[in-house]
Amino acid sequence: MISVPFYLLPLILSAPLPAAPQEAELGSAEELPTIAAKSVPDVLVYQAKPYLEMALEQIMIFDELATILCPVKDKLTAEAAVSSTVAIARRIEELAEKEKQLPVPSADVEGYVREKLVDIDAKKLSENTIGKIIELLTLIDPPCYGSTDLTKALNSLVESLIAD
Numbered sequence: 505m506i507s508v509p510f511y512l513l514p515l516i517l518s519a520p521l522p523a524a525p526q527e528a529e530l531g532s533a534e535e536l537p538t539i540a541a542k543s544v545p546d547v548l549v550y551q552a553k554p555y556l557e558m559a560l561e562q563i564m565i566f567d568e569l570a571t572i573l574c575p576v577k578d579k580l581t582a583e584a585a586v587s588s589t590v591a592i593a594r595r596i597e598e599l600a601e602k603e604k605q606l607p608v609p610s611a612d613v614e615g616y617v618r619e620k621l622v623d624i625d626a627k628k629l630s631e632n633t634i635g636k637i638i639e640l641l642t643l644i645d646p647p648c649y650g651s652t653d654l655t656k657a658l659n660s661l662v663e664s665l666i667a668d
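Residue 505 is where the sequence shown starts when you use my numbering, and the numbers rise one by one after that.
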C-alpha cells in the first residue's frame, strides 16, 4: 500500500525540532548571514509541522479505510465493516475541522510538505479507498451487498468529503 511504515510515524512526528543556534555560536557580524541562512530550514520545518502531521494523519485514515473496505465481498463482511467505517468517518470530520483552524500555508510550507510526502503512493491509496467506495456504492447491485448500514455510512462519508 503505502511505502511509509506507519509504526514509525509517531517516532518521526515526535522527533525534536532542531535547536536554535546558541549565542556562543553566532560569531562575528560577517558570519551572521550564513547562520541565518542555515536556520531558515529549521523555521520551515517548524512552520510545516502541523500541515505535515495533518497530511500524514489523512493518509493513515484513508489507509485504514482501505484496509476495512478491502475484504468486503458479501453482506456479512459489509455488515462487519459498518462500525469501523462510521468511526473513520467521524475521524475524517474531526480532522477537517482541525484543518479549517490552520491558516493558509505559504508556498514554501506547501512545497516542503509535498517534498516530504513524495514517496507516498497517493494514486494507489486513492484507488484502494475511493475506488472501493465507488465499487461498493455503484458497481454492486444492491449497493454494499445489501447492507443498508454500510451504504448509509459510505454515503455520509462521501458527502462529508465532497463538502470539504
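Heads up, the beta-carbon is just placed ideally off N, CA and C, and yes, glycines get one too.
Source: prediction; values computed, not measured.
Please report the distance separating the alpha-carbon of residue i from that of residue j.
i      : j      : result
SER549 : VAL613 : As written in the sequence, residue 549 is Val, which differs from the Ser given in the question. Near 8 angstroms, if we compare the C-alpha coordinates of VAL613 and VAL549.
THR643 : LEU661 : For the sequence presented, residue 643 should be read as Leu rather than Thr. So the two alpha carbons sit approximately 18 angstroms from each other.
ASP645 : ILE565 : 27 angstroms
ARG595 : GLN551 : 24 angstroms
ALA653 : GLY635 : For the record, residue 653 in the displayed sequence is Asp; it is not Ala. If I take the Cα positions, the gap works out to 19 angstroms.
THR571 : VAL617 : 25 angstroms
VAL547 : GLU583 : 48 angstroms
VAL576 : LEU569 : 11 angstroms
ASN632 : PRO545 : 35 angstroms
Taking the alpha helix (DSSP H) that residue i belongs to, which residues open and close that run?
i      : result
GLU639 : Counting along the chain, GLU639 falls outside any alpha helix (DSSP H), and DSSP gives it neither H nor E.
ALA582 : 579-584
Got a sec? Which residues, its chain only, sit under 7 angstroms from residue i by beta carbon, not counting five neighbours each side?
i      : result
ALA657 : VAL586, THR589, VAL590 and ALA593
GLU561 : LEU599
Got a sec? Which residues, its chain only, sit under 6 angstroms from residue i by beta carbon, not counting five neighbours each side?
i      : result
GLU597 : SER664
So the candidates are the options; which of them puts its Cα closest to the Cα of residue i?
i      : options                           : result
ALA600 : THR652, VAL547, TYR555 and ASP653 : TYR555
PRO607 : PRO545, MET558 and ALA667         : MET558
LYS553 : CYS574, ASP567, GLU639 and GLU619 : GLU619
Leaving out the 5 sequence neighbours to the left and right, which residues in its chain are closer than 8 angstroms to residue i when beta-carbon positions are compared?
i      : result
LEU641 : PRO647, CYS648, THR655, LEU658, ASN659 and VAL662
When burial is assigned at 16 or more other CB atoms within 10 Å of the CB, is residue i buried or exposed?
i      : result
ILE637 : buried
ILE563 : buried
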